[in-house]
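Before any comments, here is the structure.
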Amino acid sequence: MSQQVRGVVARAKGEPVGIETIVIPDPGPGEAVVRIQACGVCHTDLHYREGGINDEFPFLLGHEAAGVVESVGEGVNEVEPGDFVILNWRAVCGQCRACQRGRPWYCFNTHNARQKMTLTDGTELSPALGIGAFAEKTLVAAGQCTKVDPAASPAAAGLLGCGVMAGIGAAINTGAVTRGDSVAVIGCGGVGDAAVVGSRLAGAAKIIAVDIDERKLATAASLGATHTVNSREKDPVEAVRDLTGGFGADVVIEAVGRPETYKQAFYARDLAGTVVLVGVPTPEMKLELPLLDVFGRGGALKSSWYGDCLPSRDFPLLIDLYLQGRLDLDAFVSETIALDGVEDAFARMHKGDVLRSVVVL
Numbered sequence: 000m001s002q003q004v005r006g007v008v009a010r011a012k013g014e015p016v017g018i019e020t021i022v023i024p025d026p027g028p029g030e031a032v033v034r035i036q037a038c039g040v041c042h043t044d045l046h047y048r049e050g051g052i053n054d055e056f057p058f059l060l061g062h063e064a065a066g067v068v069e070s071v072g073e074g075v076n077e078v079e080p081g082d083f084v085i086l087n088w089r090a091v092c093g094q095c096r097a098c099q100r101g102r103p104w105y106c107f108n109t110h111n112a113r114q115k116m117t118l119t120d121g122t123e124l125s126p127a128l129g130i131g132a133f134a135e136k137t138l139v140a141a142g143q144c145t146k147v148d149p150a151a152s153p154a155a156a157g158l159l160g161c162g163v164m165a166g167i168g169a170a171i172n173t174g175a176v177t178r179g180d181s182v183a184v185i186g187c188g189g190v191g192d193a194a195v196v197g198s199r200l201a202g203a204a205k206i207i208a209v210d211i212d213e214r215k216l217a218t219a220a221s222l223g224a225t226h227t228v229n230s231r232e233k234d235p236v237e238a239v240r241d242l243t244g245g246f247g248a249d250v251v252i253e254a255v256g257r258p259e260t261y262k263q264a265f266y267a268r269d270l271a272g273t274v275v276l277v278g279v280p281t282p283e284m285k286l287e288l289p290l291l292d293v294f295g296r297g298g299a300l301k302s303s304w305y306g307d308c309l310p311s312r313d314f315p316l317l318i319d320l321y322l323q324g325r326l327d328l329d330a331f332v333s334e335t336i337a338l339d340g341v342e343d344a345f346a347r348m349h350k351g352d353v354l355r356s357v358v359v360l
């Protein structure tokens, strides 16, 4: 039988979100119902509310989540009821050309639950990133559930579901940061700070955090940045070069998603260095670079989707590092809130007052 739960819904562009009753169907083939324990408030959820992703309102928001599998549908063998899981928004298909070539982290046919969750009047909901976890329970594809050690704090573990994984993966998976590298991270919000942490995990010798907010730079330093640059006060390209012997960083991670900061990243890297774009641009943004510079500087210009992660590989590994005290996921949790605190959390996030607010149920 279907069941009814509370969830945070955005009904129209720019309107405040509200708590509504959500109808969760029984899981069908390949699906799972998960009881949510915690879900981070990510900027992507605000993008949904503002119509910046698409206009498929109403949205059931929330996607950085951890919880316990309650029930599964026919044919599910990845997880079973009682498993503690982190939800992901890229359940790999195993059949596309990327998967068949042994590169499932690039899967071109990721999927979500086939059934729709609805409001009580039958209105179909669009779950944020195919998850919809600002709710007591949600319906997902079973492949969106990654089993991890239940000793982990749900509030911390859930953040691997999006922003923290995106940043760590941008450094380790996409940027291939390794021992002794110099790294610059432009933009020190949640994703940028996670890139700092990922660079430190990978053994980078020098990690330069760049932002316009001294509070964010202080946080980046506490998480492992060896140097900070306030780009309101200094040209970030010159500053990064000055800190790297005049050459530029081996890897520059752009975690803002704007043409201006991308150009800074491009020119702040060493010859044959790597630029990683993990910040999400908006559709109208355009980038113009001299093609001769693109050719002459060599190296690689990469985009990082979800940190090029493979959840089944990366989530358990990172949770193990967390439980060993080698990865401080708790540092990303600025506050815990109830379901009815999401709208206020959006305002605090927009002002830069928090790294992550986390809904705890």
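Per numbering that gives the first Met the number 0, the sequence shown starts with residue 0, numbered consecutively. The C-beta atom is built at its ideal place from N, Cα and C for all residues, glycine as well.
Restricted to the stretch 263 to 343, the beta strand (DSSP E) segments that are unbroken, complete and at least 3 residues in length are 268 to 276, 299 to 302 and 334 to 336, listed in chain order.
Between the stretch 295 to 312 and the stretch 165 to 182, the count of C-beta pairs closer than 8 Å reaches three or more; the two stretches touch.
With a cutoff of 9 Å on beta-carbon distance, Gly244 and Leu270 are scored as not near each other. Counting only residues of its own chain and dropping the five nearest sequence neighbours on each side, Ile21 has a CB closer than 6 Å to the CB of Val4, Gly6, Met116 and Ala134. Excluding its 5 nearest sequence neighbours in each direction, Val332 has C-beta neighbours in its own chain below 7 Å: Ala154, Ala155, Arg355 and Val357, listed in chain order.
If one requires a minimum length of 4 residues, the alpha helix (DSSP H) runs lying completely within the stretch 40 to 93 are 42 to 48, in chain order. At a Cβ-Cβ threshold of 9 Å, Trp88 and Asn172 do not count as neighbours.
Beyond the five residues adjoining it in sequence on each side, Thr227 comes within less than 6 Å, by CB distance, of Ala208, Leu216 and Ala220 in the same chain, given in chain order. Around the beta carbon of His349, fewer than 16 other beta carbons lie within 10 angstroms, which makes this residue exposed.
In the structure shown, Ile211 falls within a coil segment according to DSSP collapsed to helix, strand and coil.
Beta-carbon to beta-carbon, Pro28 and Glu73 are separated by about 4 Å, close enough to satisfy the 8 Å threshold.
In the structure shown, Glu123 adopts extended strand secondary structure according to DSSP, grouped into three states. The C-beta distance from Val195 to Ile206 rounds to 6 Å, short enough to meet the 8 Å contact threshold. With fewer than 16 other Cβ atoms inside 10 Å of its own Cβ, Val293 counts as exposed.
Around the beta-carbon of Glu213, fewer than 16 other beta-carbon atoms lie within 10 Å, marking it exposed. Contact between Glu19 and Val8 holds, with the beta-carbon distance rounding to 5 Å and staying under 8 Å. Under the three-state reduction of DSSP, Ser152 is assigned to coil, being neither helix nor strand.
A Cβ-Cβ separation of about 17 Å leaves Glu259 out of contact with Val275 under the 8 Å criterion. Here Ile35 is actually not in contact with Asp148; their C-beta atoms are around 18 Å apart, not less than 8 Å. Partner residues in a beta bridge of His349, as assigned by DSSP, do not exist. Relative to Leu300, the option among Pro310, Leu309, Leu286 and Cys308 whose CA is nearest is Leu286. At least 9 Å separates the beta-carbon of Ala37 from that of Gly189. Taken atom to atom, the span from the alpha-carbon of Ala201 to that of Arg178 is near 6 Å. When the five nearest sequence neighbours on each side are left out, the beta carbons in the same chain lying within less than 7 Å of the beta carbon of Gly247 are those of Val239, Arg240, Ala267, Arg268, Asp269 and Gly272, in order along the chain. With distances taken between CA atoms, Glu63 lies nearest to Pro310 out of Gly324, Gly186, Ala224 and Pro310. Your pair Arg10 and Pro80 does not check out as a contact, with CB atoms roughly 33 Å apart and the cut at 8 Å.
For the pair Ala175 and Val359, the Cα-to-Cα distance works out to about 34 Å. In chain order, Ile185, Val251, Glu253 and Val274 place their CB closer than 7 Å to the CB of Ala264, counting only its own chain and leaving out the 5 sequence neighbours on each side. In the structure shown, Gly142 falls within a helical segment according to DSSP collapsed to helix, strand and coil. DSSP links Ile206 through a beta bridge to Val182. No Cβ-Cβ contact shorter than 9 Å links Thr122 with Gly131. Looking only at Ala224, Tyr47 and Gln143, the smallest Cα-Cα distance to Val16 is reached by Tyr47. Going by DSSP, Glu253 is part of the beta strand (DSSP E) stretching over Ala248 to Glu253. Contact between Gly142 and Ala90 holds, since their C-beta atoms are separated by about 3 Å, short of 8 Å.
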